[in-house]
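*Asks:* In this text, residue positions in the sequence shown follow this note's numbering: the first is 68, and each later residue adds one. Glycine included, C-beta positions come from ideal geometry on N, C-alpha and C. Bear in mind the structure is a predicted one, so any value in this text is a computation, not a measurement. Have a look at this one.
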Amino acid sequence: MEIIKKENGSALTLELRGRLDTITSPTLEAVINTELDGVQELTIDCSYLEYISSAGLRVLLSAQKKMNEKGSMKVTNVNEMVGEIFEITGFCDILSIE
Numbered sequence: 068m069e070i071i072k073k074e075n076g077s078a079l080t081l082e083l084r085g086r087l088d089t090i091t092s093p094t095l096e097a098v099i100n101t102e103l104d105g106v107q108e109l110t111i112d113c114s115y116l117e118y119i120s121s122a123g124l125r126v127l128l129s130a131q132k133k134m135n136e137k138g139s140m141k142v143t144n145v146n147e148m149v150g151e152i153f154e155i156t157g158f159c160d161i162l163s164i165e
């Protein structure tokens with residue numbers, strides 16, 4: 068998985084490319100843990116996300132909890148397959164998906 072970071076003041080966008088699974092989720096978790104200082108708006112761009120596993124969902128949930136304390140988080144450009152996973156797991160009710 069590749070993570071492309073785009074910063075704009077207090078806004079951070081993380082564009083995810085590839086698969087967010089057990090192997091790659093620690094990488095995203097590390098980025099989130101180190102990059103959120105001063106961030107008030109976090110966007111997770113899923114334009115090129117091919118797959119998400121339960122490990123990936125856990126990282127997104129953790130990021131949402133962190134951002135609830137300091138600002139907002141949204142997930143954008145979700146494809147049909149990833150959207151189905153969010154729907155089945157109930158994450159569509161937890162995350163702000165645009």
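According to the neighbour-count rule (16 or more other Cβ atoms, all chains shown, within 10 Å of its Cβ), is Ile90 buried or exposed?
*Replies:* Your numbering for residue 90 matches position 23 in the sequence shown. Ile90 comes out exposed.
*Asks:* Which of the three DSSP states is assigned to Glu74 in this structure?
*Replies:* As a working note, residue 74 is residue 7 in the sequence shown. Strand, per DSSP.
*Asks:* Measure the Cβ-Cβ separation of Val142 and Ser163 and say whether it is below 8 Å.
*Replies:* Numbered from its first residue, the sequence shown carries residue 142 at position 75. Numbered from its first residue, the sequence shown carries residue 163 at position 96. Yes, Cβ-Cβ distance for Val142 and Ser163 is below 8 Å.
*Asks:* Considering only the beta carbon of each residue, do Leu81 and Ile119 sit closer than 8 Å?
*Replies:* Working through the sequence shown from its first residue, we reach residue 81 at position 14. Working through the sequence shown from its first residue, we reach residue 119 at position 52. No, these two residues do not count as a Cβ contact at 8 Å.
*Asks:* Identify every run of the beta strand (DSSP E) within the region 130-159, keeping only runs that are complete inside it and at least 3 residues long; order them along the chain.
*Replies:* Runs of the beta strand (DSSP E) inside the region 130-159: 139-143.
*Asks:* My guess is that Glu117 and Gly85 are in contact by the Cβ rule of under 8 Å, so how many angstroms apart are they, rounded?
*Replies:* The residue given as residue 117 occupies position 50 in the sequence shown. The residue given as residue 85 occupies position 18 in the sequence shown. Correct: roughly 6 Å between the Cβ atoms.
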